[in-house]
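Asks:
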Amino acid sequence: MTRTEYLADLEKYLKKLPRKDYQEAMDYFTEYFDEVGPEGEAAAIAELGSPKEAAHEIMLNLLDKKVEEDNQDSSSSKNTKNIVQIAILSILAAPLAIPLFIVAALLTFVSSSSSLSLL
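Below you can see the structure in the form of structure tokens.
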């Protein structure tokens with residue numbers, strides 16, 4: 002198999018990718034073959050595997066990348082949502098928590114004052 006045949010077969014397998022991803026993959030393989038030169042084509046093809054295997058690897062990498070991006074987007078939105086929920090709960094709890102804190106402080110003060118007067 003030659004470089005031209007390899008790239009033509011690879012192109013068939015990658016046609017369904019989004020245009021940007023397709024172009025990046027084809028550019029990568031074209032540059033790879035340019036770097037090894039005509040004398041290294043056979044070794045490069047053996048190293049890369051069949052065009053079908055290479056296309057499969059590319060699609061798996063793109064899928065992993067997409068899943069990772071989706072996870073990052075959802076986790077950052079979850080963090081923001083959690084912060085907003087905590088802030089709302091704090092605001093709603095303040096009318097109850099502040100008087101309870103004042104009563105607890107007064108009881109502590111009164112009990113320490115009465116124990117001092119006993120001395």
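Going by my numbering, the first residue of the sequence shown is number 2, and it counts up by one from there. Backbone N, C-alpha and C fix where the C-beta goes; we use that ideal spot for every residue, glycine too.
Select from Thr3, Ile59, Lys79, Tyr33 the residue whose C-alpha is nearest the C-alpha of Ala43.
Replies: Taking the sequence shown and counting its residues from 1, the one referred to as residue 43 is at position 42. Nearest of Thr3, Ile59, Lys79, Tyr33 to Ala43, Cα basis: Thr3.
Asks: One question on the structure: do Ala26 and Leu8 come within less than 8 Å of each other, judged by their Cβ atoms?
Replies: Taking the sequence shown and counting its residues from 1, the one referred to as residue 26 is at position 25. Taking the sequence shown and counting its residues from 1, the one referred to as residue 8 is at position 7. No, they are not a contact pair.
Asks: Which residues in the same chain have their Cβ closer than 6 Å to the Cβ of Ala98, if we skip the five residues on either side of it in sequence?
Replies: Along the sequence shown, one-based indexing puts residue 98 at 97. Nothing meets the Cβ criterion.
Asks: Go ahead and pull the three-state DSSP assignment for Ser112.
Replies: Here residue 112 refers to the residue found at position 111 when the sequence shown is read from its first residue. Helix.
Asks: Count the other CB atoms, across all protein chains shown, that sit within 10 Å of the CB of Ile92; report buried if there are 16 or more and exposed otherwise.
Replies: Counting from one through the sequence shown, the residue named residue 92 turns up at place 91. Counting Cβ neighbours within 10 Å, Ile92 comes out exposed, since fewer than 16 surround it.
Asks: Assign Ser51 to one of three DSSP states: helix, strand, or coil.
Replies: Stepping through the sequence shown from its first residue, residue 51 is reached at position 50. Ser51: coil per DSSP, three-state reduction.
Asks: Looking at C-alpha atoms only, which residue of Ala55, Lys67, Gln73, Val68 is the closest neighbour of Lys13?
Replies: Here residue 13 is taken as the residue at index 12 of the sequence shown, counted from 1. Out of Ala55, Lys67, Gln73, Val68, Ala55 has the C-alpha closest to the C-alpha of Lys13.
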